[in-house]
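Here's the structure we're looking at; comments come further down.
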Amino acid sequence: MASKVYMMDFRANPKENLYSKLAKLLEAAGLPKAVGERDLVAVKLHFGEMGNTAFIRPVFIRQIVGMVKATGGIPFLTDANTLYAGTRSDSPTHIKTAVENGFGYSTVEAPIIIADGLRGRSETAVEVNHKHCKEVYIGSEIVNSDFIISAAHFKGHELSGFGGAIKNLGMGCASRRGKLVQHSGVAPKVVRKKCVGCGDCLSHCSQKAITVTDKKASINKDTCIGCGECILICQEEAINIAWSKSIPTFLKKMIEYTAGVVKGKEKKLININFLTDINPACDCYAHNDAPLVRDIGILASVDPIAIDQASTDLVNQEHALPGCSLTANQEAGGDKFKGLYPYVDWPLQLEYAESLGIGSRTYDLVKIG
Ligand code: SF4
Ligand code: SF4
């Protein structure tokens, strides 16, 4: 059955600005009716790595927070700590980064609670009984919440092709152990003839798994956790993985984690995808490259699969912007995600999610005027 995906574009006029359009969008998606009195509402987002500017504007998050409060819900902003070395790998630095990126209480009017605690070890095991994972490890405060609003910045992603609601839920809500499980099959290798020995990859490896000797990098497979950070950092494209073997399992595990996050919250979940600053890679990098296509709009749906399917379709319908990194599939209708990451079979995650009954790839797009 087709799921409803609501959409607002970025046209505005003196009588209707983008805040009021966002309120209309969330009303259409059912937020006021779905959030109950005194529900503890986890607004799950990515606060952006320090140095990145593509994350969701905090003022939009304040609008979501305001609507939750108006329904009698109690909102908090949340994310789980990262696997890699960066500015969000433990709660103190994560909160500091969030505040520096504009998500402080004075702007957003909701507190920040990191879902998996001080060091990413506060987790709850959720039984899913799927092929790759019998149970999944989710940040406890996500499981403890009454309601989840996934507020995802939609963009390309080097391991999953794109990042939207699924990535925000399945990977973003996982504890460190959960993230490790999902990345465990990703085993990068250095292509020696391409490596120039610059050492850029070293400082981005949280596990100190990379060494450079005689101007060639090598990766210790015993200490590498497969986070994938080094792949995009290497400007020589000297770090590679066995895409056809590693990625399908990675994607399926991420879907099984998504199943665990939404379990029991099927009627207590709203997904919002921001199709803004649609850059080629994850917001986990301390930079963001030029956007691939124009800002398209904001989508909302109770179905995390339908909203990601609709988001990929809308991006692919666009012509690429001049000056972006895409060198293939720039035309309207061209697959932008394959253009960026030709070896990532991104539709697989949507197919698998649908087969597990998490949502539907078929959707009706309802435009909010
Ligand atoms: S960043 Fe790339 S080129 Fe530089 S040392 Fe690492 S693998 Fe080699
Ligand atoms: S070698 Fe690369 S994939 Fe492995 S842990 Fe280090 S940064 Fe992550």
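Residues in the sequence shown are numbered from -15 upward in steps of one, following the numbering used here. Glycine included, C-beta positions come from ideal geometry on N, C-alpha and C. Since the structure is predicted, the reported quantities are computational estimates derived from the model, not experimental observations.
- Excluding residues up to 5 positions away in sequence, Gln47, Met51 lie with their Cβ nearer than 7 Å to the Cβ of Ala7 in the same chain.
- Rounded to whole angstroms, the separation of the alpha carbons of Pro331 and Tyr241 is 17 Å.
- Here Pro59 is near Val27, since their CB atoms are less than 7 Å apart.
- Short of 8 Å from the beta carbon of Ile352, and not among the five residues preceding or following it, lie these beta carbons of its own chain, in chain order: Tyr(-10), Met(-9), Met(-8), Lys5, Lys8, Leu9, Ala12.
- Counting along the chain, the unbroken alpha helix (DSSP H) around Phe44 starts and ends at 42 to 54.
- Inside the region 190 to 234, DSSP marks whole beta strand (DSSP E) runs of 3 or more residues at positions 194 to 197, 200 to 203, from first to last along the chain.
- Restricting attention to Asp273, Asp198, Glu315, the CA atom closest to the CA of Ile217 is found in Asp273.
- Here Gln166 is buried. Its C-beta has 16 or more other C-beta atoms within 10 Å.
- Residue environment analysis places Gly32 among the buried positions, since at least 16 neighbouring C-beta atoms fall within 10 angstroms of its C-beta.
- Cβ-Cβ distances below 7 Å link Cys185 to Ile194, Ala201, Cys214, Ile217, Cys218, Ile223 in the same chain, with the five nearest sequence neighbours on each side left out; the list follows chain order.
- In its chain, beyond the 5 residues on either side, Val19, Asp23, Val25, Lys252 have a beta carbon closer than 6 Å to the beta carbon of Phe131.
- DSSP links Ser(-13) through a beta bridge to Tyr347.
- By the neighbour-count criterion, in which a residue is buried when 16 or more other Cβ atoms sit within 10 angstroms of its Cβ, Asn113 is exposed.
- Taking one beta carbon from each stretch, the region 296 to 308 and the region 274 to 285 have 3 or more pairs nearer than 8 Å; the two touch.
- Within the same chain, no residue comes within 6 Å of Arg105 by CB-CB distance, once the 5 residues on both sides are set aside.
- Straight across, the Cα-Cα distance linking Thr207 with Asp329 is about 27 Å.
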